[in-house]
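A short worksheet on the structure shown next.
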Amino acid sequence: MDDHGGAGVSETDVSALESGSGQVSTRTLDAINNALGIRPVALPRYLSTTVEVALDIRDQLRDGSPDVLRVLIQFSDDLARASFIETCVATITPPMTTGDSHFDAALAALVHRHFAGLGIDPPQWALATRAPAVFSSLGYDWDEHDRDDTDPIILEHGVILPNQTLRSS
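Throughout the sequence shown, residue numbering follows this note's numbering, covering 109 to 277 in sequence.
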């Protein structure tokens, strides 16, 4: 069949697009968009996606970087400055694991806390990502004071990350 839904696109191209298994030309995408009445929009952004942040954390953990916690702090700062649309676009896709359950949970907790501040439900992946609560996580040995200074939403995820630590200098 040469035509798929009047878009003039082969079933092979549609299949490749749906499965993400091949390269699809911009001409093919334009044909599909036109047939469906979709107008793509490019959004300017400075906010890294949760997928990008998780990959950065994973790489820094693998390399033994002492500044890996800084990635979470920067992401928290960026969320605070982002528009609602930027936040939704950057956080909708579940990230792959960082290789550390507490960093996974901390990333989810920051997204959850930000959405709660907006008064809306966070993405489901953020609600579901938890870690066992321990005082030694994210590369630090936290104490009772640090736990008391951690936002309750972050604690729900099994993470101790004091508000003082999240404040940028």
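Ideal placement from N, C-alpha and C gives every residue a C-beta, glycine not left out.
- By the criterion of at least three beta-carbon pairs nearer than 8 Å, the region 208-220 is in contact with the region 241-251.
- When secondary structure is reduced to three states using DSSP, T258 falls in the strand class.
- Residue environment analysis places A188 among the exposed positions, since fewer than 16 neighbouring C-beta atoms fall within 10 angstroms of its C-beta.
- Short of 7 Å from the beta carbon of L218, and not among the five residues preceding or following it, lie these beta carbons of its own chain, in chain order: L180, F183, S184, L187.
- Non-local C-beta neighbours of T195 in its own chain, meaning closer than 8 Å and more than five positions away in sequence, comprise L155, L187, H222, F223, L226, ordered along the chain.
- DSSP, reduced to helix, strand and coil, places D249 within a strand of the structure shown.
- The beta carbon of D208 is closer than 7 Å to those of L169 in its chain, skipping five residues each way along the sequence.
- Distance from the CA of A241 to the CA of D171, rounded to the nearest whole angstrom, comes to 25 Å.
- Within the same chain, A198 come within 6 Å of T157 by CB-CB distance, once the 5 residues on both sides are set aside.
- When DSSP reads this structure, S156 sits in no beta bridge, so it has no partner.
- Annotation: F192 to I228 spans about 11 Å, alpha carbon to alpha carbon.
- The DSSP-derived three-state label of S191 is coil.
- Per DSSP, the continuous alpha helix (DSSP H) segment holding R221 begins and ends at 209-226.
- For I140, the uninterrupted alpha helix (DSSP H) segment begins and ends at 134-144.
- Residue pairing by DSSP places P202 in no beta bridge whatsoever.
- Between T205 and A236, the alpha-carbon positions lie close to 13 Å from each other.
- Under the 10 Å beta carbon count, G145 is surrounded by fewer than 16 other beta carbons and is classified as exposed.
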